[in-house]
Structure formats: structure tokens, C-alpha cells
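A short write-up of the structure that comes next.
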Amino acid sequence: MNGGDERNGDARYCAGCTACCRWPGVVTFPADAVGPLADYLGMDERACADLFFDIADNRGQLRTKKTTDGGCIFVGETGCRIYPHRPRQCRTFPYEWQRPEAACMAQCALHKALKRRA
Ligand code: SF4
Ligand code: SF4
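Each residue of the sequence shown is one higher than the one before, counting from 1 in my numbering.
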């Protein structure tokens with residue numbers, strides 16, 4: 001369990017708007033995340049890796065494939081389709097993010113709540 005998990009008590013302030021998931025960019029996963037993720041999705045591991053991931057520039061991790069609208073490949077109508085398996089960068093949003101200028105920060109109810117409490 002990482003720091004983000006421990007602070008998920010603050011998730012009661014999350015509006016579930018998915019702005020953070022639709023912010024253009026890629027999401028990075030550890031290479032060993034594919035097996036559990038494939039099991040969760042009921043997919044073959046190789047097919048899961050090929051469908052959703054590319055090798056990250058650092059070659060030690062995976063990154064989500066880019067989508068036409070720039071949002072995360074795993075976001076669906078009602079939110080994250082792999083929520084129990086979302087990676088650390090998602091679990092720690094917005095706590096550890098240093099990008100206050102990002103558009104999704106302005107929309108983020110959780111970020112606003114944390115600022116009010118600061
Ligand atoms: S993995 Fe899930 S929580 Fe993370 S950006 Fe994608 S849809 Fe959002
Ligand atoms: S942008 Fe903020 S309020 Fe919206 S889903 Fe993400 S964490 Fe929750």
C-alpha cells in the first residue's frame with residue numbers, strides 16, 4: 001500500500017468527474033502490473049499488454065497507449081475500468097502532483113477541498 005492509498009480517506013471529496021483521467025497524457029505502470037490486470041479483465045496477459053501498453057521511454061515500465069482524445073485508455077463512461085488496479089500515479093492524484101496549472105486541477109473537487117484544508 002502506498003502513500004496515496006493511505007490518504008484515500010479524502011476520496012470522499014472526489015466528485016468522480018474523471019477530469020484527471022481525461023487530461024491528455026499517458027499513464028505509467030510497473031511491468032509486473034499486466035498479469036493481475038489481465039486476470040481482472042479476463043484477458044490473456046499477452047493480449048492485454050499488446051492492447052493497452054507500450055514500453056515506456058525508460059524501458060523499465062509500461063505506459064498506456066495514446067488515444068484519439070488524449071485521455072487514459074482505461075477511462076469509461078462512469079470512471080476507471082480498472083480502478084482496483086490503477087497505478088500509483090493515479091492513487092496519488094492530486095496529493096503528489098506538482099502541476100497546479102493543469103486544467104484538471106481547476107476542475108478537481110478533491111484538489112479544492114485539500115486547498116481549503118491547507
Ligand atoms: S488508470 Fe484509471 S484512474 Fe488512472 S488515469 Fe486511467 S482511468 Fe484514470
Ligand atoms: S479530477 Fe479530482 S474530483 Fe475529478 S475524478 Fe479526479 S480526483 Fe476526483
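Don't be surprised by glycine CBs; every beta carbon is placed ideally from N, CA and C. All figures in this text were calculated on a predicted structure; none of them were measured in a lab.
Could you tell me how far apart the beta carbons of Cys-80 and Pro-94 are, in whole angstroms, since I believe they sit closer than 8 angstroms? Reading the sequence shown from its first residue, position 80 is the one you call residue 80. Reading the sequence shown from its first residue, position 94 is the one you call residue 94. That belief does not hold up - the Cβ atoms of Cys-80 and Pro-94 are roughly 15 angstroms apart, past 8 angstroms.
Quick check on Phe-93: does DSSP put it in helix, strand or coil? Position 93 of the sequence shown holds residue 93. Residue state, collapsed to three classes: coil.
Quick check on the DSSP output: the alpha helix (DSSP H) that includes Phe-52 runs from which residue to which? By 1-based counting over the sequence shown, the position of residue 52 is 52. Element bounds for Phe-52: 45 to 52.
So, are the CB atoms of Val-75 and Cys-21 less than 8 angstroms apart? For the purposes of this step, residue 75 is identified with residue 75 of the sequence shown, where counting begins at 1. For the purposes of this step, residue 21 is identified with residue 21 of the sequence shown, where counting begins at 1. Yes. Within cutoff.
Do you know whose CA, among Arg-12, Thr-28 and Trp-23, lies nearest Pro-87's CA? Along the sequence shown, read from residue 1 onward, the residue named residue 87 stands at position 87. Minimum Cα distance to Pro-87 is reached at Thr-28.
Buried/exposed call for Thr-78, threshold 16 Cβ in 10 Å: Taking the sequence shown and counting its residues from 1, the one referred to as residue 78 is at position 78. It is exposed - the Cβ of Thr-78 has fewer than 16 other Cβ atoms within 10 Å.
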